[in-house]
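**Student:** With this note's numbering applied, the sequence shown corresponds to residues 5 to 294, in that order. Using N, Cα and C, we set each Cβ at its ideal position, and we do this for glycine too. Computed from a predicted structure; not experimentally measured. Let me give you the structure first, and then I'll get to my questions.
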Amino acid sequence: MKLAFIGLGAMGYPIAGHLAQHHETLVWNRTFDKALAHAKEFGSKAVDLSEVAQAEILFTCLPTSLEVDEMARRLSPYLRPGTLWVDHTSGEPELARKTAQTLREKGVSYLDACLSGGVAGAVQAKATVMAGGSPEDFARARPVMEVYAAKIVHVGPLGSGHAVKAINNALLAVNLWVLSEGMAALVKQGVEARLALEVINASSGRSNVSENLFGQRVLSRHFTNTFALGLLAKDLGICAKVLEAAGTPAPMLRQVREFFEVARREVGNTEVDHTAVAQLIERWSGVEIK
Numbered sequence: 005m006k007l008a009f010i011g012l013g014a015m016g017y018p019i020a021g022h023l024a025q026h027h028e029t030l031v032w033n034r035t036f037d038k039a040l041a042h043a044k045e046f047g048s049k050a051v052d053l054s055e056v057a058q059a060e061i062l063f064t065c066l067p068t069s070l071e072v073d074e075m076a077r078r079l080s081p082y083l084r085p086g087t088l089w090v091d092h093t094s095g096e097p098e099l100a101r102k103t104a105q106t107l108r109e110k111g112v113s114y115l116d117a118c119l120s121g122g123v124a125g126a127v128q129a130k131a132t133v134m135a136g137g138s139p140e141d142f143a144r145a146r147p148v149m150e151v152y153a154a155k156i157v158h159v160g161p162l163g164s165g166h167a168v169k170a171i172n173n174a175l176l177a178v179n180l181w182v183l184s185e186g187m188a189a190l191v192k193q194g195v196e197a198r199l200a201l202e203v204i205n206a207s208s209g210r211s212n213v214s215e216n217l218f219g220q221r222v223l224s225r226h227f228t229n230t231f232a233l234g235l236l237a238k239d240l241g242i243c244a245k246v247l248e249a250a251g252t253p254a255p256m257l258r259q260v261r262e263f264f265e266v267a268r269r270e271v272g273n274t275e276v277d278h279t280a281v282a283q284l285i286e287r288w289s290g291v292e293i294k
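Written out as structure tokens, the structure is:
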């Protein structure tokens with residue numbers, strides 16, 4: 005099977021690498037040197053943008069749905085009927101549906117298939133995929149996605165993958181914010197952060213943030229930027245649109261979006277990791293969590 009992958013970022017680079025080890029894989033990246041490096045490392049083929057339209061299944065993993073929509077329009081003259089477009093971008097449900105309509109006019113199917121599991125999950129071929137689209141398109145894409153994903157779920161119609169990812173990342177944000185608040189209060193009162201975290205992780209307040217991220221990033225002071233604070237803030241903006249479309253009460257999720265907008269401005273945007281939000285709580289609290 006001939007595949008193509010557009011967008012060799014932190015997640016896309018290793019995922020395209022897994023694909024290249026099983027299928028003929030064409031790669032393109034805005035910084036083309038990265039595509040050339042990928043071809044050298046994994047045996048993929050770096051090609052001009054127009055050439056990716058030769059693929060049976062075309063993958064995208066871009067910063068936002070705006071870039072995906074722009075890419076669909078740029079590729080429109082070259083796309084062939086019967087192609088399946090699998091979008092791994094963490095994007096917006098409504099814009100994804102518009103992109104899908106543009107592609108449908110060219111005879112191209114579209115699946116919004118957001119990723120979770122972080123860079124480590126992508127590297128280890130243990131990513132989680134939440135996909136929205138037709139059952140037929142999902143069934144066609146699933147055997148290929150099994151190359152790099154350990155959990156693949158068809159969550160609903162077109163746009164559902166983006167919606168579930170936005171809510172998932174909002175829950176990540178809530179856990180990260182409240183744990184930072186709680187840990188700052190404990191340290192301020194003389195509690196050793198590592199001991200407090202040890203207890204929390206054996207108790208009902210534990211989460212992925214407490215079990216993995218907080219110790220590795222905050223307590224260690226190694227805020228390795230694998231998922232930018234600005235990108236999490238972006239996802240919270242998408243979450244707000246999902247909530248607005250649903251019309252359901254969500255005071256907590258709406259408030260955490262405002263917190264992260266403040267953090268994005270005060271701590272950093274794309275140049276810092278999302279866990280650096282704890283530094284804002286530390287600044288407000290007058291204490292370092294350690």
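Would you mind stating whether residue 31 and residue 50 have Cβ atoms separated by less than 8 Å?
**Tutor:** Within the sequence shown, numbered from 1, the residue matching residue 31 stands at position 27. Within the sequence shown, numbered from 1, the residue matching residue 50 stands at position 46. Yes.
**Student:** Would you give the residue range spanned by the alpha helix (DSSP H) that residue 272 belongs to?
**Tutor:** Against the sequence shown, residue 272 aligns to sequence position 268. Careful: residue 272 lies outside any alpha helix (DSSP H) and carries neither H nor E.
**Student:** Pop quiz: residue 116 and residue 163 are said to be a contact at Cβ under 8 Å. What is the actual Cβ separation, rounded to whole angstroms?
**Tutor:** In the sequence shown, counting from the first residue as 1, residue 116 sits at position 112. In the sequence shown, counting from the first residue as 1, residue 163 sits at position 159. Right, the Cβ-Cβ distance comes to about 6 Å (below 8 Å), so this counts as a contact.
**Student:** Rounded to the nearest angstrom, what separates residue 98 and residue 251 at their Cα positions?
**Tutor:** The residue labelled residue 98 in the question sits at position 94 within the sequence shown. The residue labelled residue 251 in the question sits at position 247 within the sequence shown. So the two alpha carbons sit approximately 15 Å from each other.
**Student:** Counting only the same chain and skipping the five closest in sequence on each side, list residues whose C-beta sits under 7 Å from that of residue 256.
**Tutor:** For the purposes of this step, residue 256 is taken as the residue at position 252 of the sequence shown. Hits under 7 Å: 178.
**Student:** Quick one: give me the first and last residue of the alpha helix (DSSP H) that residue 103 is part of.
**Tutor:** Residue 103 sits at position 99 when you count from the first residue of the sequence shown. Its alpha helix (DSSP H) spans residues 97-108.
**Student:** Output the distance between the C-alpha atoms of residue 145 and residue 170, rounded to the nearest integer angstrom.
**Tutor:** Counting from one through the sequence shown, the residue named residue 145 turns up at place 141. Counting from one through the sequence shown, the residue named residue 170 turns up at place 166. Residue 145 and residue 170: Cα-Cα distance of roughly 22 Å.
**Student:** Does DSSP put residue 262 in a helix, in a strand, or in coil?
**Tutor:** Position 258 of the sequence shown, counted from the first residue, corresponds to residue 262. DSSP places residue 262 in helix when its eight states are reduced to three.
**Student:** Would DSSP call residue 293 helix, strand or coil?
**Tutor:** Residue 293 sits at position 289 when you count from the first residue of the sequence shown. Three-state result, residue 293: coil.
**Student:** For residue 238, count neighbouring C-beta atoms within 10 Å of its own C-beta (all shown protein chains included) and say buried if the count is 16 or more, exposed if not.
**Tutor:** By one-based count along the sequence shown, residue 238 stands at place 234. Buried is the call here.
**Student:** Out of 229, 183, 61, state which residue places its alpha-carbon closest to the alpha-carbon of residue 209.
**Tutor:** Residue mapping note: residue 209 aligns to position 205 of the sequence shown, counting from 1. For residue 209, the nearest C-alpha among the options comes from 183.
**Student:** In its own chain, which residues sit with a C-beta less than 6 Å from the C-beta of residue 190, not counting the 5 before and 5 after it?
**Tutor:** Reading the sequence shown from its first residue, position 186 is the one you call residue 190. Counting only Cβ-Cβ distances below 6 Å, and skipping sequence neighbours, we find 200.
**Student:** By Cβ distance below 6 Å, which residues in the same chain neighbour residue 18 in space, the five residues on each side in sequence not counted?
**Tutor:** Walking along the sequence shown from the start, residue 18 turns up at place 14. Once the five neighbours on either side are set aside, the close Cβ partners of residue 18 are 126, 127.
**Student:** When you compare each of 22, 118, 241 to residue 64 by their alpha carbons, which one comes out closest?
**Tutor:** Here the question's residue 64 lines up with position 60 in the sequence shown. Comparing Cα-Cα distances from residue 64 to each of 22, 118, 241, the minimum goes to 118.
**Student:** Using a Cβ-Cβ distance under 8 Å, would residue 10 count as near chain D?
**Tutor:** Annotation note: the requested chain D is absent from the structure, which comprises a single protein chain.
**Student:** Alpha carbon to alpha carbon, how far is residue 185 from residue 279? Give it in angstroms, no decimals.
**Tutor:** Within the sequence shown, the letter at position 275 stands for residue 279. Within the sequence shown, the letter at position 181 stands for residue 185. Whole-angstrom Cα-Cα distance: 13 Å.
**Student:** Tell me, to the nearest whole angstrom, how far the beta carbon of residue 236 is from that of residue 264; I am working on the premise that it is less than 8 Å.
**Tutor:** Here residue 236 is taken as the residue at index 232 of the sequence shown, counted from 1. Here residue 264 is taken as the residue at index 260 of the sequence shown, counted from 1. Residue 236 to residue 264, Cβ: 6 Å. Contact.
**Student:** In or out: residue 166 buried (at least 16 other Cβ within 10 Å) or exposed?
**Tutor:** For this step, residue 166 is matched to residue 162 along the sequence shown. It counts as buried.
**Student:** Quick one: complete beta strand (DSSP E) runs, 3+ long, within the segment 17-79?
**Tutor:** If we require 3 residues or more, the beta strand (DSSP E) runs fully inside the segment 17-79 come out as 28-32, 61-64.
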